[in-house]
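Notes to accompany the following structure.
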Amino acid sequence: MYAMQYARTLPADYDMEIIRNRVRTRGHLLDDFDGLGLKAYGMRVRGIDGSPVNAYAPFYLWADPRAMNRFLAGDGFRGVIRDFGRPPVRHWQGLFHRAGPEVGTVPRAYTLRSVRLPEGADPGTAFAEAAAGHEQLARTSGVHTTAMAYSPADWEIVHVTLWTGEAPEDAGDRYQVLHLSAPDIGALGEGRLW
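Right, dumping it as structure tokens:
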């Protein structure tokens with residue numbers, strides 16, 4: 636599993652209905668994209684859920700890294716580049732994935748929280764402790780899916796959870812989910828991925 640996100644910060648006076656319409660008319664195009672575990676079409680609106688900015692910020696869990704490469708080199712991402720410029724794409728190696736009790740319900744929000752491992756911290760211990768927290772979170776009412784991944788370049792762990800209701804304030808940066816594509820969610824694996 637590979638996690639990926641790009642975020643485009645938009646002007647404070649940007650009409651966010653443009654993003655909603657973009658997802659309404661194009662979101663279904665990845666509903667059957669081979670190798671995509673899930674894509675949460677996320678956005679943040681300045682002043683809502685603690686967001687200081689307007690942003691279009693989809694989040695992906697890939698079952699196959701070749702699918703991620705096909706997407707980034709394909710027409711869908713060309714459309715993002717054409718409309719918003721080429722964004723930096725953050726990506727992480729998967730460590731944990733678990734469906735929550737609400738996996739059959741459409742999520743309304745996702746949260747993303749990044750944590751850097753302190754210098755001298757043992758990665759294996761840190762991964763195991765973080766995964767234990769996700770195991771518990773995966774049993775929480777309102778959770779659609781929870782996942783964890785890391786970047787060995789800077790030893791950052793990213794925690795992502797999709798919520799069917801309002802996301803808790805302390806769960807990280809909160810994003811509205813406008814659409815969910817989940818063609819290969821079953822191929823992501825369950826539990827620890829190391």
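Counting from 1 along the sequence shown, just add 635 to a position and that's the residue number in our numbering.
Every residue gets a Cβ at the ideal spot worked out from N, C-alpha and C, and that includes glycine.
What are the residues that DSSP puts in a beta bridge with residue i?
i           : result
residue 690 : 644 and 679
residue 802 : For residue 802, which the question treats as bridged, DSSP gives no partner whatsoever.
residue 826 : 732
residue 784 : 729 and 793
residue 814 : 676
residue 649 : For residue 649, which the question treats as bridged, DSSP gives no partner whatsoever.
residue 696 : 638 and 673
Quick check on residue i: does DSSP put it in helix, strand or coil?
i           : result
residue 760 : helix
residue 809 : strand
residue 775 : coil
residue 672 : strand
residue 638 : strand
residue 709 : coil
So residue i packs on residue j, CB below 8 Å; how close in whole Å?
i           : j           : result
residue 777 : residue 800 : 5 Å
residue 797 : residue 742 : 4 Å
residue 736 : residue 774 : 7 Å
residue 829 : residue 784 : Not really, about 11 Å apart at Cβ, beyond 8 Å.
residue 640 : residue 725 : 5 Å
residue 769 : residue 781 : 5 Å
residue 636 : residue 672 : 7 Å
residue 721 : residue 691 : Contact flag wrong, Cβ pair sits at about 14 Å.
Determine the direct distance from the alpha carbon of residue j to that of residue i, and round the result to whole angstroms.
i           : j           : result
residue 670 : residue 705 : 10 Å
residue 792 : residue 751 : 6 Å
residue 698 : residue 815 : 15 Å
residue 790 : residue 809 : 22 Å
residue 749 : residue 660 : 31 Å
residue 739 : residue 654 : 25 Å
residue 755 : residue 718 : 43 Å
| request: Return the chain-ordered ranges of every alpha helix (DSSP H) run that is complete within the segment 718-772 and spans a minimum of 4 residues. | output: Listed in chain order, the complete alpha helix (DSSP H) runs (minimum 4 residues) inside the segment 718-772 are 758-772.
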